[in-house]
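**Q** I have a structure here, written as structure tokens, and I will follow up with some questions on it.
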Amino acid sequence: MNIHEYQAKQLFEKFGVATPKGIVASTAEEAGKAAREIGGPGLVVKAQIHAGGRGKGTFKNGFKGGVHVVDTPEQAQEIAGKMLGQTLVTHQTGPEGKLVSKVLIAKSVDISKEYYFAILFDRGSSGHAIIASTEGGMNIEEVAEKTPEKIIKEFIHPTLGLQAYQCRKVAAALGLRGALAGQAGKLFTALWNLYLKSDCSLVEINPLAITTDNQVVALDAKFNFDDNALYRQKDVTEMRDKTEEDPREVAASEFGLNYIGLDGNIACLVNGAGLAMSTMDIIKFHGGEPANFLDVGGGATKEQVTAAFKIILGDPNVKGILVNIFGGIMDCNIIATGIIAAAQETSLNIPLVVRLEGNNVEAGKATLAASGLKITSADDLTDAAKKIVAAVA
Ligand code: ADP
Ligand code: MG
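For the sequence shown, the working numbering assigns the number 326 to the initial residue and increments by one for each residue that follows.
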């Protein structure tokens, strides 16, 4: 799960991570009021979307930049009016862009240097790590590729946590000395506490800035949270903005389904993540393109199967469905009943290939055959893949 920058700022304030004061606004008038409350001169207006690269982005109506530094509250109000209700395209949004329905008004600072600083879960070392760089404000993937020597990496011990000497080490590697190193260390420690206590998998500050009056401040924030820990993060869960997410994935999560939309035209409905992966592979192997990854889980109910069909059919690209179920825990006959109910309820009118195997498979197949629906039955995975690829060709 991700959150907006203005929400990240609330977490920064709660955990004592230094950041300029900011207020969120949904209308130009609110933006003007927020700007007067913060007080000029020196304000920044920032489009709130779940994507980076806003500064260099362009709105679909031609207006340039999702981050503007302005002098007066009047200017802040005017710029907010130009951003709100418009679609911003950045290198992270894809060509369709993202609708801006909120802007952040914040105090602007005079920057003397920008850095990159992140804490993330590092799968390679099975632990948490700091990634930092003197090349702030830039695309970090590009820095890592072109100038890997400019990337600082420091592993954090899973039980000891971030140590003071590590903060000094990273600050020194960034070229920060004296009071600045002390301030940076304080910010790193506060950010580590935030990261750990909020079950983040990534907190990225790009840029972390040193101001001309020698303050260390976080000017941007990107957060990822561990979805499996959200049940114990009430405050964070309340920050979820479903309008920023793929509506199909939102619907799927409401029914406890694991769904990820893809670009192809063959929808898959499978139980078990491993089987779902191999189903996508074998579709591709036989020349087809999967429209999604969908794992209904080990003990799917009729309601879940129906919901899964509805989500799949909500995708206009879908030209056929492959159901691939291995009844290990699940009874194939229950699945068959679910498929029939879903097919009837959604007035299914595209090819449906079903491969059932395992527990009570004979009864399941008999149920499908007796339904009178146009369902193509398959004997094994290869047969199923060939049949659905041929059906959508
Ligand atoms: P994005 O990464 O989406 O482009 P940022 O928040 O990083 O958005 O903003 C882009 C640039 O705008 C930053 O690199 C920084 O130079 C400038 N900026 C952002 N916030 C402020 C601020 N409060 N004061 C001054 N400049 C800022
Ligand atoms: Mg940034």
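For each residue, glycine too, the CB sits at the ideal point set by N, CA and C.
#1: Please identify the residue among Val541, Ala360, Ala715 whose C-alpha is closest to the C-alpha of leucine 499.
#2: Please classify leucine 501: does DSSP put it in a helix, a strand, or coil?
#3: Compare the C-alpha of serine 451 against each of Phe442, Asp560, Phe480 and name the closest.
#4: Put leucine 516 into one of helix, strand or coil per three-state DSSP.
#5: Could you tell me if tyrosine 520 is buried or exposed, where buried requires 16 or more neighbouring beta carbons within 10 angstroms of its beta carbon?
#6: For the structure I just gave you, are there three or more beta carbon pairs, one from the region 536-554 and one from the region 330-339, closer than 8 Å?
#7: Hey, how far is the Cα of glutamate 330 from the Cα of arginine 565?
#8: Kindly give me the distance between the Cβ atoms of leucine 429 and glycine 347, rounded to whole angstroms, as I take these residues to be in contact under 8 Å.
#9: Going by other Cβ atoms of all chains shown within 10 Å of its Cβ, with 16 needed for buried, is phenylalanine 610 buried or exposed?
#10: Glycine 391 and alanine 372 look like a contact to me (Cβ under 8 Å); what is the Cβ gap, rounded to whole Å?
#11: With distances taken Cα to Cα, identify the nearest neighbour of valine 369 among Lys432, Arg502, Ile675.
#12: Pull the bridge partners of aspartate 447 from the DSSP assignment, please.
#13: Give me the residue from Gly377, Val630, Glu670 with the minimum Cα distance to methionine 655.
#14: From which residue to which residue does the beta strand (DSSP E) around alanine 592 run?
#15: With a threshold of 7 Å on Cβ separation, who are the neighbours of glycine 395 within its own chain once the five nearest residues in sequence on each side are excluded?
#16: Which runs of the beta strand (DSSP E) at least 3 residues long sit entirely within the region 559-643? Give them in chain order.
#17: In terms of alpha-carbon separation, which member of His416, Ala376, Asn518, Ile374 lies closest to phenylalanine 340?
#18: When you compare only the Cα positions, how much space is there between asparagine 590 and valine 643?
#19: Using alpha carbons as the reference points, say which of Ile675, Ile659, Ser672 lies closest to leucine 681.
#20: For the ligand ADP, is there any heavy atom lying closer than 7 Å to the beta carbon of asparagine 725?
#21: Could you compute how far the alpha carbon of glycine 623 sits from the alpha carbon of asparagine 583?
#22: State the DSSP-derived secondary structure class of phenylalanine 337, mapped to helix, strand or coil.
#23: Can you have a look at asparagine 596 and say buried or exposed, based on whether 16 or more other CB atoms are within 10 angstroms of its CB?
#24: Do the region 380-390 and the region 408-424 meet, that is, are 3 or more Cβ pairs less than 8 Å apart?
#25: Less than 7 Å between the CB of glycine 462 and some heavy atom of the ligand ADP, yes or no?
#26: Whole angstroms is fine: what's the gap from threonine 484's alpha carbon to phenylalanine 513's?
#27: Please go through the same chain and pick out, in chain order, the residues whose beta-carbon is closer than 7 Å to the beta-carbon of glutamate 439, but skip the five residues on each side of it.
**A** Short version:
#1: Selected option, being the one with the closest Cα: Val541.
#2: Assignment of leucine 501 by DSSP, reduced to helix, strand and coil, places it in the coil class.
#3: When the alpha-carbon of serine 451 is set against those of Phe442, Asp560, Phe480, the nearest one is in Phe480.
#4: In the structure shown, leucine 516 falls within a helical segment according to DSSP collapsed to helix, strand and coil.
#5: Classified as buried, tyrosine 520 has 16 or more neighbouring CB atoms from the shown chains inside 10 Å of its CB.
#6: Judged by Cβ distances under 8 Å, the region 536-554 makes contact with the region 330-339, as three or more pairs qualify.
#7: Distance between the alpha carbons of glutamate 330 and arginine 565: 12 Å.
#8: The C-beta separation of leucine 429 from glycine 347 comes to about 5 Å, placing the pair in contact by the 8 Å criterion.
#9: Flag for phenylalanine 610 reads exposed.
#10: 4 Å between Cβ atoms; contact.
#11: It is Lys432.
#12: According to DSSP, aspartate 447 shares a beta bridge with Gly452.
#13: Closest by C-alpha distance to methionine 655, out of Gly377, Val630, Glu670, is Val630.
#14: Segment 591-595, the beta strand (DSSP E) holding alanine 592.
#15: The amino acid occupying residue 395 in the given sequence is valine; glycine does not appear at that position. Correct list, in chain order: Leu368, Val370, Ala401, Ile404.
#16: Fully enclosed beta strand (DSSP E) runs of 3 or longer: 583-586, 591-595, 617-620.
#17: Check the Cα spacing between phenylalanine 340 and each of His416, Ala376, Asn518, Ile374: the tightest is with Asn518.
#18: Answer to the nearest angstrom: the Cα atoms are 4 Å apart.
#19: Ranking Ile675, Ile659, Ser672 by Cα distance to leucine 681 puts Ile659 first.
#20: Beyond the ends of the chain as shown, which are 326 and 718, falls residue 725; an answer cannot be given.
#21: Within the model, the alpha-carbon separation for glycine 623 versus asparagine 583 is close to 12 Å.
#22: Annotated three-state conformation of phenylalanine 337 is helix, per DSSP.
#23: That one is buried.
#24: Three or more Cβ pairs drawn from the region 380-390 and the region 408-424 lie within less than 8 Å of each other, which places the two stretches in contact.
#25: Under cutoff, so the answer is yes.
#26: Roughly 17 Å separates the two Cα atoms.
#27: Close CB contacts of glutamate 439 within its chain, under the 7 Å cut and outside five residues either way in sequence, are with Gly461, Gly462, Pro532, Ala534 (chain order).
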